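A.B. asks: Below are the structure tokens for one structure; questions will follow.
2 protein chains.
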Amino acid sequence: MTDGAGNLKHLSLGEVHDLAFNCLVANGCDDANAQAVADNMTAAERDGSESHGLFRLPGYVASLQSGKADGKANPQAEDVAPGVVRVDARNGFAPLAFEAGRKPLVAKAKAQGIAVLGIVRTFHFAALWPEVEALAREGLVAFACTSTMPFAAPAGGSKALFGTDPVAFAWPRPDGHPVVVDMATTAMARGEVMLAAREGHDVPLGVGLDGDGQPTRDPKAILEDGVMLPFGGYKGSAISMMVELFAGALIGEVFSFQAGEADNRDGGPSRGGELILAIDPARMGGDGDGIALGEALFEKMLDAGAAPGAVRLPGDRRYGNREKTPRDGVAIPGALYDRILALVGGPA
Amino acid sequence: MTDGAGNLKHLSLGEVHDLAFNCLVANGCDDANAQAVADNMTAAERDGSESHGLFRLPGYVASLQSGKADGKANPQAEDVAPGVVRVDARNGFAPLAFEAGRKPLVAKAKAQGIAVLGIVRTFHFAALWPEVEALAREGLVAFACTSTMPFAAPAGGSKALFGTDPVAFAWPRPDGHPVVVDMATTAMARGEVMLAAREGHDVPLGVGLDGDGQPTRDPKAILEDGVMLPFGGYKGSAISMMVELFAGALIGEVFSFQAGEADNRDGGPSRGGELILAIDPARMGGDGDGIALGEALFEKMLDAGAAPGAVRLPGDRRYGNREKTPRDGVAIPGALYDRILALVGGPA
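In the order they appear, the protein sequences are chains A and B. With the first letter of the first sequence counted as 1, position 12 gets the number 12 in the working numbering; the numbers rise by one all the way through. Position in the second sequence counted from 1, then plus 348, gives you the working numbering.
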């Protein structure tokens with residue numbers, strides 16, 4: 001079923017979307033949920049974020065098959081305060097839950113100047129940048145974060161407590177794509193550590209500890225009985241803690257360690273929360289031209305390297321891929337493609 | 349004027365406050381500004397944050413003497429949107445500007461669920477934790493950031509662009525002190541690099557680059573013609589960029605590099621902006637007990653080390669000092685004390 005060249009399957013973005021949509025529907029999603037997840041996954045493939053593309057589909061399906069996630073969930077947005085929207089995802093996946101909260105969040109941010117969206121009872125298994133990019137395209141400055149599973153020890157510790165706890169940030173630009181940050185607050189994304197283990201590569205010191213709590217370069221030791229570490233020592237650890245509190249306690253949701261305790265280990269995402277902030281730069285007072293002012297910083301950043309290209313703006317690599325993949329399509333591992341085809345056959 | 353023991357001058361906290369207040373008034377502050385800055389500086393000495401205590405006083409005075417900062421500024425809060433307060437500090441120091449914005453910010457956060465305070469045309473030369481701790485003591489979750497001067501290169505670059513760009517975060521606790529983070533987003537605070545240079549110590553790799561853009565452990569090479577670096581590589585660099593945008597363009601203020609261009613190099617602070625977010629956990633929906641939920645995370649953090657005390661909660665070291673200094677007083681370098689006494693004599 002796959003071509004011979006490096007055992008890769010070439011797909012157009014339309015084929016990626018169809019594959020994801022059909023597979024999700026075959027495994028219990030209604031059309032609305034399947035569409036939202038497939039859109040998100042296709043956007044990831046389009047941007048070269050392979051770790052959040054079709055690679056995630058078996059995990060989504062596992063959580064549907066085990067009954068942990070509800071593929072027919074109808075997320076409900078609630079107006080809980082003038083600056084606050086809350087979405088009860090009703091055990092559904094995050095993409096549709098975000099869609100339910102997006103319009104009220106944008107309306108509130110534009111009316112109040114700043115607003116926050118808390119999504120609870122959701123399964124977030126996707127990249128974070130789609131949320132903040134969507135808000136930036138409406139002219140808003142956006143920040144998002146979500147907790148995950150207990151993979152990382154706080155700085156100074158050796159017991160898993162924090163998740164990979166990604167944060168995302170987006171800033172609109174007057175012409176062109178928003179500047180978009182999306183990063184795990186662990187030193188390395190978990191998928192990268194898994195990839196290094198699979199391929200037999202070392203990882204840098206600082207990525208994790210072994211089972212004795214000692215620094216190691218061995219990704220298997222980190223994954224098997226060790227822990228990952230936050231990026232940047234105690235400072236990154238403080239950012240992870242902030243994410244846990246924002247996406248957890250602040251909105252009445254669980255922390256990563258509690259998500260881990262409750263999870264059924266089906267290989268899919270764990271239940272948790274997501275917090276999204278949106279700020280309208282036009283409502284901050286002053287001359288209302290805050291977005292245009294950002295350009296001076298970006299220009300200086302691009303000029304701060306010894307050579308052109310040494311410093312890139314966050315998101316630029318993805319935008320580069322976005323130019324190419326609608327024309328060239330994408331290539332996914334043949335084994336993944338075969339696995340997905342089997343899953344499209346329906347639950348085992 | 350100083351005792352012999354290690355050339356330290358011992359002062360009670362009351363003496364610290366009097367010294368700061370009198371020195372500021374002698375150099376052109378009105379009582380309100382002198383009081384706000386002296387309160388802030390005394391709180392820093394009380395908490396053992398020496399780098400933000402009396403050590404800063406000569407810099408404040410320099411900016412008053414050069415006419416850059418206005419010691420009689422009367423900061424004005426403006427209600428610019430339901431969720432937004434803007435304070436024009438009118439070229440005054442940040443502590444009084446924050447006081448002008450604090451009550452409206454708290455009122456808006458409690459009414460809207462979330463609110464933001466932008467302070468413009470200010471000189472921020474203090475620790476950031478006093479702002480977020482004050483908000484947490486009113487039951488709010490708080491985040492603050494400010495830009496500084498162009499000291500650090502973005503990841504991949506070698507030209508100074510970002511400031512030390514500190515961020516602060518506070519989370520209230522049902523019993524006891526809030527958990528409070530306050531950290532530069534550079535790998536090391538500038539004061540620490542200066543201290544290492546003065547004492548002839550190396551700094552870790554990753555703190556900065558030399559004049560050729562090469563990694564160095566020599567703090568003098570970093571300070572003289574090199575650059576500092578953000579903490580945690582490109583991830584910390586993205587956080588610095590976010591701070592620049594939040595405390596700069598978003599509120600119509602300058603970036604660190606523009607502050608550096610405009611500064612008169614009097615040794616005092618540069619003009620810039622500060623952004624403060626406040627969120628009311630009681631307005632986030634759910635069962636309204638978000639703050640209490642945080643305790644489970646803090647308990648796990650304290651238990652995540654191989655030994656008790658291996659992991660501490662952010663702010664704990666300062667709170668420990670806060671227990672002792674009201675009784676024991678503080679000790680400052682004799683040379684600093686003598687310098688301040690000379691400044692109390694008035695402008696040269």
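Cβ coordinates follow ideal geometry from the N, Cα and C atoms, glycine included. All of these numbers come straight from a predicted model, not from anything done at the bench.
(1) Check whether chain B comes within 8 Å of Trp129 of chain A, counting only Cβ atoms and requiring the distance to be less than that.
(2) Tell me whether the beta-carbon of Leu689 of chain B lies closer than 8 Å to the beta-carbon of Pro406 of chain B.
(3) Only counting the same chain, and skipping five residues up and downstream in sequence, which positions put a Cβ closer than 7 Å to that of Ala292 of chain A?
(4) Within the stretch 503-550 of chain B, note down every full alpha helix (DSSP H) run reaching 4 residues or more, in order along the chain.
(5) Counting only Cβ-Cβ distances shorter than 7 Å, please list the residues of the stretch 170-202 of chain A near chain B, keeping chain order.
(6) Quick check: the Cα distance between Met589 of chain B and Gly580 of chain B, rounded to an integer number of angstroms?
(7) Can you name, in chain order, every residue of its own chain whose Cβ lies under 7 Å from the Cβ of Leu205 of chain A, other than the five neighbours on each side?
(8) Arg90 of chain A by DSSP, collapsed to three states: which one?
(9) Any idea which residues DSSP pairs Gly272 of chain A with across the strands?
(10) Taking a Cβ distance cut-off of 8 Å, strictly less, list which residues of the stretch 89-110 of chain A are near chain B, in chain order.
(11) Under DSSP, the beta strand (DSSP E) around Leu350 of chain A begins and ends at which residues?
(12) Alpha carbons only, please: which of A:Leu135, A:Phe151 and A:Lys9 is nearest the one belonging to Ile222 of chain A?
(13) How would you list, in chain order, the residues of chain A whose beta-carbon sits under 8 Å from the beta-carbon of Ala697 of chain B?
(14) If you measure from the beta carbon of Gly208 of chain A to each beta carbon in chain B, is any gap under 8 Å?
(15) Starting from the beta carbon of Asp513 of chain B, find every residue of chain A whose beta carbon is closer than 7 Å, and list them in chain order.
(16) For a test of the three-state rule: what should DSSP assign to Val207 of chain A, helix, strand or coil?
(17) For the alpha helix (DSSP H) containing Ala654 of chain B, name the first residue and the last one.
(18) How is the beta strand (DSSP E) around Asp79 of chain A delimited, first residue to last?
(19) Residues in its own chain within less than 6 Å of Val350 of chain A by CB, not counting five upstream and five downstream?
(20) Are Ala490 of chain B and Leu625 of chain B close, meaning C-beta to C-beta below 8 Å?
(21) Using alpha carbons as the reference points, say which of A:Pro166, A:Leu13, A:Leu140 and A:Asp70 lies closest to Gly53 of chain A.
(22) Are Leu367 of chain B and Val678 of chain B close, meaning C-beta to C-beta below 8 Å?
(23) Locate the beta strand (DSSP E) running through Phe231 of chain A, then write down its first and last residues.
(24) What residues from chain B crowd round Asp328 of chain A, counting only those whose CB sits closer than 8 Å?
(25) Taking only three categories from DSSP, how would you classify Leu723 of chain B?
(26) I need the straight-line Cα distance from Asp225 of chain A to Val385 of chain B, nearest angstrom please.
(27) DSSP three-state label for Ala586 of chain B, please.
(28) Hey, Ala282 of chain A and Gly288 of chain A are a contact pair by Cβ (cut 8 Å); roughly how many whole angstroms apart?
(29) Please give the ranges of any beta strand (DSSP E) in the stretch 310-335 of chain A, keeping only runs that are unbroken, at least 3 residues long and fully inside the region.
(30) Taking only beta-carbon atoms, is Ser397 of chain B less than 8 Å away from chain A?
(31) According to DSSP, Val432 of chain B sits in a beta bridge with which residue or residues?
(32) What are the residues in the stretch 414-429 of chain B lying within 7 Å of chain A by C-beta distance?
(33) What residue from B:Phe403, B:Ser399, B:Leu453 and B:Gly561 has the CA that sits closest to Val480 of chain B's CA?
(34) Please classify Gly668 of chain B as buried or exposed, where buried requires at least 16 other C-beta atoms within 10 Å of its C-beta.
(35) Which partner residues of Ile627 of chain B appear in the DSSP bridge assignment?
(36) Just curious, the alpha helix (DSSP H) that Val480 of chain B is in, first and last residue?
C.D. replies: Let's see:
(1) The beta-carbon of Trp129 of chain A is placed no less than 8 Å from the nearest beta-carbon of chain B.
(2) No; because the gap between Cβ atoms is not below 8 Å, this pair is not in contact.
(3) Spatial neighbours of Ala292 of chain A in its own chain (CB-CB distance under 7 Å, excluding positions within 5 residues in sequence) are listed in chain order as Pro174.
(4) List check, alpha helix (DSSP H) in window: 538-547.
(5) Residues passing the 7 Å Cβ filter: Trp171, Val181 and Met183.
(6) In a straight line, the C-alpha of Met589 of chain B is about 13 Å away from that of Gly580 of chain B.
(7) Contacts found: Pro215 and Arg217.
(8) DSSP, reduced to helix, strand and coil, places Arg90 of chain A within a strand of the structure shown.
(9) As a beta-bridge residue in DSSP terms, Gly272 of chain A pairs with A:Thr122.
(10) Listed by position, the residues of the stretch 89-110 of chain A near chain B (Cβ gap below 8 Å) amount to none.
(11) Limits of chain A in this structure are 1 at one end and 348 at the other, which puts residue 350 of chain A out of reach.
(12) In this structure, A:Phe151 is the residue among A:Leu135, A:Phe151 and A:Lys9 with its C-alpha nearest to the C-alpha of Ile222 of chain A.
(13) As displayed, chain B neither begins before 349 nor continues past 696, which places residue 697 of chain B out of reach and without an answer.
(14) Not an interface residue.
(15) The contacting residues do not exist; Asp513 of chain B stays about 12 Å from chain A at best.
(16) Residue state, collapsed to three classes: coil.
(17) No alpha helix (DSSP H) holds Ala654 of chain B; DSSP gives it neither H nor E.
(18) Asp79 of chain A -> beta strand (DSSP E) spans Gln76 to Ala81.
(19) Here chain A comprises residues numbered 1 to 348, so residue 350 of chain A is not present and cannot be evaluated.
(20) Ala490 of chain B places its beta carbon less than 8 Å from that of Leu625 of chain B.
(21) The residue with the shortest Cα to Cα distance from Gly53 of chain A is A:Leu13.
(22) Cβ atoms of Leu367 of chain B and Val678 of chain B: not closer than 8 Å.
(23) Note, Phe231 of chain A: premise wrong, no beta strand (DSSP E); not H, not E.
(24) Against chain B, the beta carbon of Asp328 of chain A has no neighbour under 8 Å; the closest one sits roughly 27 Å away.
(25) No information on residue 723 of chain B is available, as it lies outside the stretch 349 to 696 that chain B covers here.
(26) Using only the alpha carbons, I get a separation of about 50 Å.
(27) Ala586 of chain B: helix per DSSP, three-state reduction.
(28) Indeed they touch by this definition, with Cβ atoms about 5 Å apart.
(29) Fully enclosed beta strand (DSSP E) runs of 3 or longer: 330-333.
(30) By the rule that beta-carbons nearer than 8 Å mark a contact, Ser397 of chain B does not touch chain A.
(31) DSSP lists B:Ala429 and B:Val464 as partners of Val432 of chain B.
(32) Within the stretch 414-429 of chain B, the residues whose Cβ lies closer than 7 Å to some Cβ of chain A are Glu426, Val428 and Ala429, listed in chain order.
(33) In terms of Cα proximity to Val480 of chain B, the closest of B:Phe403, B:Ser399, B:Leu453 and B:Gly561 is B:Leu453.
(34) By the 10 Å Cβ count, Gly668 of chain B comes out exposed.
(35) Beta-bridge pairing by DSSP links Ile627 of chain B to B:Ile462 and B:Val489.
(36) That run of the alpha helix (DSSP H) goes Trp477 to Ala484.
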